[in-house]
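Residue 138 is where the sequence shown starts when you use my numbering, and the numbers rise one by one after that. All residues carry an ideal CB built from backbone N, CA and C; glycine is no exception. Reading through the structure tokens given below for one structure.
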Amino acid sequence: MNYSKIWFSLAIAFAGILPAGGASSQTLEETLVRAYEENPTVRAERARLRATDEGVAQALSNWRPTLQVSGSYGWKRSDSTTTGPANKEGEVTDPVIGTLTVTQPLYRGGRTVAATNEAENNVKADRARLASVEQSVLMSAATAYADVVRDQAVLELNKNNERVLQRQLEATKDRFGVGEVTRTDVSQAESRFSRARADRISAEGSLTNSRASYENAVGELPKLLEPAQPLTDLPISLQEAVDLAKSSNFGVIQTRFIEKAAQNNVQEITGELLPTLTLNGSAQTSEETSTPRSDAQTLSVTAQISMPLYASGSVSSRVRAAKQVVSQRRDEFNQAVRDAIEDATEAWQVLETGRAQIQAFSAAVQAAEIALEGVREEANVGSRTLLDVLDAEQELLDARVGLVRSMRDELVATYQLRRAVGDLTAAKLSLPVNLYNPETHYRRARGKWWGLAADDGK
138 MNYSKIWFSL
148 AIAFAGILPA
158 GGASSQTLEE
168 TLVRAYEENP
178 TVRAERARLR
188 ATDEGVAQAL
198 SNWRPTLQVS
208 GSYGWKRSDS
218 TTTGPANKEG
228 EVTDPVIGTL
238 TVTQPLYRGG
248 RTVAATNEAE
258 NNVKADRARL
268 ASVEQSVLMS
278 AATAYADVVR
288 DQAVLELNKN
298 NERVLQRQLE
308 ATKDRFGVGE
318 VTRTDVSQAE
328 SRFSRARADR
338 ISAEGSLTNS
348 RASYENAVGE
358 LPKLLEPAQP
368 LTDLPISLQE
378 AVDLAKSSNF
388 GVIQTRFIEK
398 AAQNNVQEIT
408 GELLPTLTLN
418 GSAQTSEETS
428 TPRSDAQTLS
438 VTAQISMPLY
448 ASGSVSSRVR
458 AAKQVVSQRR
468 DEFNQAVRDA
478 IEDATEAWQV
488 LETGRAQIQA
498 FSAAVQAAEI
508 ALEGVREEAN
518 VGSRTLLDVL
528 DAEQELLDAR
538 VGLVRSMRDE
548 LVATYQLRRA
558 VGDLTAAKLS
568 LPVNLYNPET
578 HYRRARGKWW
588 GLAADDGK
């Protein structure tokens, strides 16, 4: 399908669809680039993912030692009473005590491994969520772009129709004045002109709404938008689209990792019922200013093992609850697969319908143009009425509007289909942008042992 030829033909039929020479125009690719780089929803989701990355660092911290230092300084008076000539003794000291404590977990019942796996699966789930949000934003931008182009075209069609009918009404009134037509002909022309004006007003409202949706998705009002081509590199059959959706749809991927994280959580809670082994070390120094002066240093290393015998049933209940969550997450995954299949099927059918409608409306436009020309010629010789001319003009308008809308539907359907199979990301679309790499922040966060500064992942 030669879309450039179709749009050029429509532009000849009604001026104003394509940007005028020298005017600033904007392509769909430029719109998608801006949406990817500037949309706050995408930026918020990236920040969410970076926060999830920190869960891995928090889980890994259970392998690491903790160090604590404490100190005290005070005043102490000691009195003692004895029998005999010297029956009272007293002592005043200023004790200074400093303690360094080191605690190193050795075994926590498998909780550290389970918590780390859970955190990593949460990261993978949120990466899929980020990709899904990215797709949604690009989908919204593409849809808004297509809607603006469609509504601009429909508005120009209606403006052109209004101008034609206005001239026709004026000519009909002139002919009525000299007795060539009846009052009925004038009323018919007035009715069609009023309808055309109402259609033009409605088209203006639709365009205003589409421009507002565009501004919301992209962050700026649209300029002169160039008609866009549908996406290529699509699945070649419905079955291929469904198969890709079941494995590559980001909703499916996200729920799969959420289920795995829930399974890890069961293991983590179960570990609370197992023994724990900890290595403790401490160094203490103390000084007392008594006479004679008293100084002491103490070093100690101990291994401590503990085994819960009964925890009032709380841990067991939490394990059972966590297992129920696993069942919940599994069903959510199954539902996500169904949703992906539905999305792919619906997008495929809309695409097929749009393509068929383009063929039909293209033929309808061509036939309606020929018919209108013939009806006008026949009306000039009196074999056709004014109503016949008005009907032919309306049929041509309807066919052109239908063609514009079906072209929009096909364009949007290609984006919907790519989204359903997980191919509507900036990377898959080869957009000229600096791609956000979530691995960069993840690696930095995973290896951090200390530090309070947060970064933006770049």
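Below-8 angstroms beta-carbon distance, E299 vs any chain B residue: Any reference to chain B falls outside this structure, which holds one protein chain only.
For Y552, the three-state DSSP class (helix, strand or coil): Helix at Y552.
DSSP state of Y244 mapped onto helix, strand, coil: In the structure shown, Y244 sits in a strand (DSSP, three-state: E or B).
DSSP three-state assignment for V128, whether helix, strand or coil: Any answer about residue 128 is impossible in this case: the structure gives the chain only from 138 up to 595.
Under 8 angstroms between C-beta atoms of A477 and K360: no
Reduced DSSP category for P156 - H, G, I as helix; E, B as strand; rest coil: For P156, the pLDDT reaches just 47, beneath the cut-off of 50, and the residue's location in the model is therefore unreliable, leaving the point undetermined.
Contacts around E352, its chain only, beta-carbon distance under 7 angstroms, and the 5 residues preceding and following it disregarded: Same-chain partners within the cutoff: L358.
Per-residue DSSP class, three states only, for S499: helix
Residues near Y173 by beta carbon distance below 8 angstroms, same chain, minus five either side: V179, E271, V274, L275, A563, L568, V570
Length of the line joining the Cα atoms of G511 and A265: 59 angstroms
Distance, A278 Cα to G158 Cα: Only weak support exists for where G158 lies, its pLDDT of 45 falling under 50; the coordinates are left without a value.
For Y579: DSSP bridge partner residues: Partner(s): none; Y579 has no beta bridge.
Closest residue to P412 among A536, R171, A440 (Cα-Cα distance): When each option's Cα is compared against that of P412, the closest is A440.
Given I495 as reference, the closest of M544, N402, L362 once Cα atoms are compared: Answer by Cα proximity: M544.
Alpha carbon of N517 to alpha carbon of Y552, nearest angstrom: When rounded, the distance between both Cα atoms is 48 angstroms.
Those runs of the beta strand (DSSP E) which lie wholly inside the stretch 334-420 and span at least 3 residues: none
E377: CB within 7 angstroms of a non-hydrogen atom of the ligand NAP: As presented, the structure is devoid of all ligands, the ligand NAP included, so that no description of it is given.
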